[in-house]
């Protein structure tokens, strides 16, 4: 059942590659300024011979996906990632419950928080900030806050539940990624709301760090998802332990070595 490792891997690749491709398209079309640009004007004349960066060109993630043609790809990426991430949350919860039912409450809390984040991403991806600004920023805020909480809860579960035997590697990596996610999340809002344009630019950089860092965190689930078994899949439909054993005992070529409780 090792093919399930592709789910968190695909989720991360689609998100990271997709959002940065959107940024590249927006940059190429002159809709945003480069992340390395620190010089902004309050307004720009239409006939400027050199690139002029105004506040409307601030390279926030949402600004990168606001205009045609990149906004279509932006919506497609966020819709796909919202569905994929929701599936990651479900399968991660099922695996934890299958291994240690006493961690079910914490795992369910993480799954619900993950669903909030997935919903936030869906709202942000389908509500263009130039038209539905309040809804867009509500979705984006829900996505970032839920993402930070999800990282904290899943890191705690990594310490409490050993599935892969590689937790000596996963625990410090996830701890560092979570600390970065929380610190940047707390720092982001003051920069985003600050009237100084350079401070707002730092806020834009924070958005890209948050987005990329979170899906690097999700990518680390490939280790656990490699160990998803038929028993985990039957946890999704609420099969009892006796039913799981009966199903796994049928002579269908099932590899019993993978059923490791």
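Residue numbers (mature numbering (1 follows the signal peptide of the UniProt record, and there is no 0)): -17 to -1, 1 to 244. Glycine is no exception: its CB is placed at the ideal position from the N, C-alpha and C atoms.
Item, Value
"Residue 24 - partner residues in DSSP beta bridges", "37"
"Residue 154: first and last residue of the uninterrupted alpha helix (DSSP H) it sits in", "150 to 176"
"Per-residue DSSP class, three states only, for residue 49", "coil"
"Spatial neighbours of residue 204 in its chain, beta-carbon cut-off 7 Å, leaving aside the 5 residues before and after", "-10, 71 and 75"
"Contacting residues, own chain, Cβ-Cβ under 6 Å from residue 215 (five flanking each side not counted)", "77, 78 and 81"
"Local Cβ density within 10 Å of residue 126, reported as buried at 16 or more and exposed below that", "buried"
"Endpoints, the alpha helix (DSSP H) within which residue 3 is located", "-12 to 11"
"Chain C within 7 Å of residue 84, Cβ atoms only", "No chain C appears in the structure shown, which is made up of a single protein chain."
"Simplified DSSP assignment, three categories, for residue 145", "coil"
"DSSP state of residue 132 mapped onto helix, strand, coil", "helix"
"Local conformation of residue 229 per DSSP, three classes", "Note on residue 229: pLDDT 42, under 50, position unreliable in the model; no value is reported."
"Residue burial classification, residue 218 (beta-carbon count within 10 angstroms, cutoff 16)", "buried"
"N- and C-terminal bounds of the alpha helix (DSSP H) containing residue 113", "Run containing residue 113: none; DSSP gives neither H nor E here."
"Residue -15, enclosing alpha helix (DSSP H) - first and last residue", "No alpha helix (DSSP H) holds residue -15; DSSP gives it neither H nor E."
"Proximity of residue 153 and residue 141 at Cβ, strictly below 7 Å", "yes"
"Nearest-angstrom Cα separation, counted from residue 144 out to residue 96", "19 Å"
"Beta-carbon proximity list for residue -14, same chain, < 8 Å, skipping 5 on both sides", "74, 208, 209 and 211"
"Cβ distance (whole Å) where residue 15 is taken to contact residue 40 below 8 Å", "5 Å"
"Boundaries of the alpha helix (DSSP H) in which residue 198 is found, first to last residue", "180 to 202"
"Member of 102, 122 and 34 whose CA lies at the smallest distance from the CA of residue 44", "122"
"Inter-residue Cα distance where the pair is residue 66 and residue 101", "7 Å"
"Element boundaries [alpha helix (DSSP H), containing residue 206]", "205 to 208"
"Contact check, residue 93 vs residue -4, beta carbons under 7 Å", "no"
"CB of residue 61 within 7 Å of CB of residue 104, strictly", "yes"
"From 124, 3, 200 and 213, residue whose alpha carbon lies closest to that of residue 68", "200"
"Residue of 188, 202, 139 and 23 minimising C-alpha distance to residue 171", "188"
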